[in-house]
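Q: Supplied in structure tokens, the structure appears directly below.
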Amino acid sequence: MLNSIVGGGEHEDGGGGAPSGTVCDPGGETLEANVPGEGQFTVTSEMMGNAAIIVHVGEKTKVPDDGLVIAIMTSLQESKLRNIDYGDRDSIGLFQQRPAAGWGSHDEIMDPNYSSMAFYGGPNHPSPPNPRGLLGVPNWQQLDKGAAAQKVQVSAFPTLYKRWEGIAGQIVGRAKDIKCEDVGLSGDVGKVIQAAKEQLGVPYCWAGGDANGPTHTSYCPSGVSKGFDCSGLTLYAYAKVGITLGHYTGDQFEAGTRVSDYKDLKPGDLMFWSTDRSPGRIHHVSMYIGNDEMIHAPRTGKNVEIVKNVSKNSYWMDQWAGASRLLKDSGGDKGTAKAAGPINPFALAGRTL
Numbered sequence: 001m002l003n004s005i006v007g008g009g010e011h012e013d014g015g016g017g018a019p020s021g022t023v024c025d026p027g028g029e030t031l032e033a034n035v036p037g038e039g040q041f042t043v044t045s046e047m048m049g050n051a052a053i054i055v056h057v058g059e060k061t062k063v064p065d066d067g068l069v070i071a072i073m074t075s076l077q078e079s080k081l082r083n084i085d086y087g088d089r090d091s092i093g094l095f096q097q098r099p100a101a102g103w104g105s106h107d108e109i110m111d112p113n114y115s116s117m118a119f120y121g122g123p124n125h126p127s128p129p130n131p132r133g134l135l136g137v138p139n140w141q142q143l144d145k146g147a148a149a150q151k152v153q154v155s156a157f158p159t160l161y162k163r164w165e166g167i168a169g170q171i172v173g174r175a176k177d178i179k180c181e182d183v184g185l186s187g188d189v190g191k192v193i194q195a196a197k198e199q200l201g202v203p204y205c206w207a208g209g210d211a212n213g214p215t216h217t218s219y220c221p222s223g224v225s226k227g228f229d230c231s232g233l234t235l236y237a238y239a240k241v242g243i244t245l246g247h248y249t250g251d252q253f254e255a256g257t258r259v260s261d262y263k264d265l266k267p268g269d270l271m272f273w274s275t276d277r278s279p280g281r282i283h284h285v286s287m288y289i290g291n292d293e294m295i296h297a298p299r300t301g302k303n304v305e306i307v308k309n310v311s312k313n314s315y316w317m318d319q320w321a322g323a324s325r326l327l328k329d330s331g332g333d334k335g336t337a338k339a340a341g342p343i344n345p346f347a348l349a350g351r352t353l
């Protein structure tokens, strides 16, 4: 299973632009070591996948090994290498960076690729000039690694980074051997994922959404001017790369190449959910974005959101009906999709959009 991905950040203005997405497959890779003050510490496969992204981003930025170790030390202390959406005040993500401090938006910081680039800083810093990243710290390579981490993080507990140096070095060595692939935002997969992620927080409206974005329908809840339903969000995202989808989950299920096994999913695949796991009872579509996560427009009263740890959620896996791959692996060639016709909700009685 692909355990870690970012589909690219949403930072599109000047000063670095959005980074490429990175998919890393740690497989079952784990590590255990004794950490001073922590005792026996286990690095899970999920943590190792996040570490691989941090290391891979650093290597692309030509950060020396000492810098990679400092980054892993920092993430271990701040979040235990977990991409968490909570912390002290508004601190979030692998490095517990704060939107209020200028590190980026909530969604950007929750993108491990973006947050890693922000931590390293330098010429590819996604949010210059402040706060500075590691490469912006004068003579950082001459500093103690814990002290260098503190220069970036400005923590209230500056001495705690040092305890992670030993295991961080081991993690970097392991992470370098983990297979990673880039899903660049110049590629169709990255564009599709970014288009969907840009709609995070948009309300659900049954029959809502078209190739141009969220729309108003008579089914929008009171107070909601426009929104997406599940298939409206996916057809919008794929329209960004010239693929036209029908505004109906059944049509979208028949588009592209079938993916039956969850572990074979790739970023951008459309995921389908059925009350009895059969194609005839499909009621929902979402998009796989990697890291065992999907993005979707859930239901009335909810907004477009990302769901984490899908494979561990029995609610979802009991309804898994398969996926459809609309973008081929080689050269970004597009798969086939049924053309969309005008939507008539009354003609779709008993069918889910």
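The letter at position 347 of the sequence shown is residue 347 when you use full-length UniProt numbering, and the numbering goes up by one with no holes.
Glycine is no exception: its CB is placed at the ideal position from the N, C-alpha and C atoms.
All values derive from a computational prediction rather than experimental measurement.
When you compare only the Cα positions, how much space is there between His56 and His283?
A: What you label residue 56 is simply residue 56 of the sequence shown in a count that begins at 1. What you label residue 283 is simply residue 283 of the sequence shown in a count that begins at 1. In this structure, the straight-line span from the alpha carbon of His56 to that of His283 is close to 38 Å.
Q: Does the Cβ-Cβ distance between Val285 and Thr249 come in under 8 Å?
A: Counted from its first residue, the sequence shown places residue 285 at position 285. Counted from its first residue, the sequence shown places residue 249 at position 249. Yes, they are a contact pair.
Q: Where does the unbroken alpha helix (DSSP H) through Gly39 begin, and where does it stop?
A: Stepping through the sequence shown from its first residue, residue 39 is reached at position 39. That residue, Gly39, is in no alpha helix (DSSP H); its beta strand (DSSP E) goes 39–43.
Q: Using only the alpha-carbon positions, how far apart do Cys220 and Gln150 sit?
A: For the purposes of this step, residue 220 is taken as residue 220 along the sequence shown, with counting starting at 1. For the purposes of this step, residue 150 is taken as residue 150 along the sequence shown, with counting starting at 1. Using only the alpha carbons, I get a separation of about 49 Å.
Q: In the DSSP output, what is Arg258 paired with across the bridge?
A: Here residue 258 refers to the residue found at position 258 of the sequence shown. Paired residue(s): Ser324.
Q: Kindly give me the distance between the Cβ atoms of Thr74 and Phe119, rounded to whole angstroms, as I take these residues to be in contact under 8 Å.
A: Here residue 74 refers to the residue found at position 74 when the sequence shown is read from its first residue. Here residue 119 refers to the residue found at position 119 when the sequence shown is read from its first residue. Right, the Cβ-Cβ distance comes to about 7 Å (below 8 Å), so this counts as a contact.
Q: Would you mind giving the Cβ-Cβ distance between Gln97 and Ser115, rounded to the nearest angstrom? I have them listed as a contact below 8 Å.
A: Walking along the sequence shown from the start, residue 97 turns up at place 97. Walking along the sequence shown from the start, residue 115 turns up at place 115. Right, their Cβ atoms sit about 6 Å apart.
Q: Tell me whether Gln97 sits in a helix, a strand or coil according to DSSP, three-state version.
A: Position 97 of the sequence shown, counted from the first residue, corresponds to residue 97. The answer is strand: DSSP assigns Gln97 an E or B state.
Q: Between which residues of its own chain and Met110 is the CB-CB distance below 7 Å, once the five residues before and five after are set aside?
A: On the sequence shown, position 110 is the one that residue 110 refers to. Same-chain partners within the cutoff: Asn83, Asp85, Ile92, Gly93.
Q: Taking DSSP as the reference, what is the three-state secondary structure of Thr249?
A: For the purposes of this step, residue 249 is taken as residue 249 along the sequence shown, with counting starting at 1. Note: Thr249 maps to helix in three-state DSSP.
Q: By alpha-carbon positions, which one of Gly49, Pro138, Phe272, Thr22 ends up nearest to Thr30?
A: By one-based count along the sequence shown, residue 30 stands at place 30. Looking at the Cα atoms, Gly49 is the closest of the given residues.
Q: Looking only at its chain, what residues have a beta carbon closer than 7 Å to the beta carbon of Pro342, apart from the 5 residues adjacent to it on each side?
A: For the purposes of this step, residue 342 is taken as residue 342 along the sequence shown, with counting starting at 1. With a pLDDT of 39 at Pro342, under the threshold of 50, the predicted position of this residue should be treated as unreliable, though the coordinate-derived value follows. Closer than 7 Å at the Cβ level, and outside the excluded window around Pro342, lies no residue.
Q: Please classify Asp329: does DSSP put it in a helix, a strand, or coil?
A: Position 329 of the sequence shown holds residue 329. At Asp329, the pLDDT of 48 sits below 50, so the modelled position is not reliable; the number obtained from the coordinates is stated separately. If DSSP states are grouped into helix, strand and coil, Asp329 belongs with coil.
Q: Please name the residue in Gly87, Asp261, Tyr262, Asp229 whose C-alpha comes closest to that of Gly246.
A: Here the question's residue 246 lines up with position 246 in the sequence shown. When C-alpha distances from Gly246 are compared across Gly87, Asp261, Tyr262, Asp229, the shortest belongs to Asp229.
Q: Going by the beta-carbon positions, is the gap between Arg132 and Gly121 smaller than 8 Å?
A: The sequence position of residue 132 within the sequence shown is 132, counting from 1. The sequence position of residue 121 within the sequence shown is 121, counting from 1. A contact, by the Cβ cut-off of 8 Å.
Q: Check whether the segment 200–212 and the segment 226–243 are in contact - that is, three or more C-beta pairs closer than 8 Å.
A: Taking a contact to require three or more Cβ pairs closer than 8 Å, the segment 200–212 and the segment 226–243 qualify as touching.
Q: Taking the DSSP output, what are the residues bridged to Leu81?
A: Within the sequence shown, numbered from 1, the residue matching residue 81 stands at position 81. Its beta-bridge partners do not exist; DSSP assigns none.
Q: Exposed or buried, which one is Phe157 when buried takes at least 16 other CB atoms within 10 Å?
A: On the sequence shown, position 157 is the one that residue 157 refers to. Exposed, since its Cβ has fewer than 16 Cβ neighbours within 10 Å.
Q: For Gly104, which of helix, strand or coil comes out of DSSP?
A: Here residue 104 is taken as the residue at index 104 of the sequence shown, counted from 1. It is coil, neither helix nor strand.
Q: Grab the span of the beta strand (DSSP E) containing residue 359 for me, first residue to last.
A: Nothing in the structure corresponds to residue 359, since the chain is present only between 1 and 353.
Q: So Ser324 packs on Asp264, CB below 8 Å; how close in whole Å?
A: Mapped onto the sequence shown, residue 324 falls at position 324. Mapped onto the sequence shown, residue 264 falls at position 264. In fact, because the Cβ distance is near 12 Å, the residues do not count as touching under 8 Å.
Q: Report the start-end ranges of each alpha helix (DSSP H) in the segment 144–226 that is 4 residues or longer and not cut off at the edges.
A: 145–153, 165–175, 188–197
Q: Return the first residue and the last residue of the beta strand (DSSP E) that Trp273 is part of.
A: As a working note, residue 273 is residue 273 in the sequence shown. Element bounds for Trp273: 270–274.
Q: Given a cut-off of 8 Å on the beta-carbon distance, is the pair Trp140 and Leu76 in contact?
A: If you number the sequence shown from 1, residue 140 lands on position 140. If you number the sequence shown from 1, residue 76 lands on position 76. Contact: no.
Q: By the three-class DSSP mapping on this structure, what secondary structure does Val285 have?
A: The residue labelled residue 285 in the question sits at position 285 within the sequence shown. In the structure shown, Val285 sits in a strand (DSSP, three-state: E or B).
Q: Looking at Leu327 and Asp188, is the spacing between their C-beta atoms short of 8 Å?
A: Position 188 of the sequence shown, counting from 1, holds the residue named residue 188. Position 327 of the sequence shown, counting from 1, holds the residue named residue 327. The answer is yes: Cβ separation under 8 Å.
Q: Hey, Val35 and Ile193: beta-carbon distance below 8 Å or not?
A: Against the sequence shown, residue 35 aligns to sequence position 35. Against the sequence shown, residue 193 aligns to sequence position 193. No, Cβ-Cβ distance for Val35 and Ile193 is not below 8 Å.
Q: Kindly give me the distance between the Cβ atoms of Val69 and Gly136, rounded to whole angstroms, as I take these residues to be in contact under 8 Å.
A: The residue labelled residue 69 in the question sits at position 69 within the sequence shown. The residue labelled residue 136 in the question sits at position 136 within the sequence shown. With 8 Å as the limit, Val69 and Gly136 do not qualify as a contact, their Cβ atoms being about 18 Å apart.
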